[in-house]
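Asker: In the numbering used here, the protein residues as written are 2 to 132. Below: one structure in structure tokens.
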Ligand SMILES: [Ca+2]
Ligand SMILES: [Ca+2]
């Protein structure tokens, strides 16, 4: 707490006013990443200078997730998936399930990852998966 004394002249009477700073602002002091730490808890205490005049409050800060990570395809090795299939497989034969995950999906329900083929028209993907 800091006290600033100031003089005011009001109708010829000189007043000495004291301004008491009674607020403190909590700021972010580092990088926040909900994938690492989703909640912080600590105490903030206020004191008037007398050691027996201290009051504290528990502070809880929830870090809200944002979609800041790319999904990862778990079946890929160095970005590639290689499979071998027989030539006589019929149309509609399932070849491989591709599994992906996303670090943003750790705490969210309903986080979905969609799949699509960027090239070719011989193969197709039937559905997308939820993580
Ligand atoms: Ca993501
Ligand atoms: Ca995130």
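Using N, Cα and C, we set each Cβ at its ideal position, and we do this for glycine too.
Identify which residue in 56, 24, 35 and 52 has its Cα closest to the Cα of residue 70.
Answerer: The candidate whose alpha carbon is nearest that of residue 70 is 35.
Asker: Are there three or more Cβ pairs, one per stretch, closer than 8 angstroms when the region 97-108 is compared with the region 71-78?
Answerer: yes
Asker: Beta strand (DSSP E) containing residue 83: first to last residue?
Answerer: Neither: residue 83 is in no beta strand (DSSP E) and is coded neither H nor E.
Asker: Only counting the same chain, and skipping five residues up and downstream in sequence, which positions put a Cβ closer than 8 angstroms to that of residue 100?
Answerer: 74, 75, 76 and 130
Asker: Using the three-state DSSP reduction, which class does residue 112 fall into: helix, strand or coil?
Answerer: coil
Asker: One question on the structure: do residue 63 and residue 44 come within less than 7 angstroms of each other, judged by their Cβ atoms?
Answerer: no
Asker: Using beta-carbon positions only, say whether residue 47 and residue 60 come within less than 7 angstroms of one another.
Answerer: Cβ atoms of residue 47 and residue 60: not closer than 7 angstroms.
Asker: Quick check: residue 97 and residue 84, are their CB atoms within less than 7 angstroms of each other?
Answerer: yes
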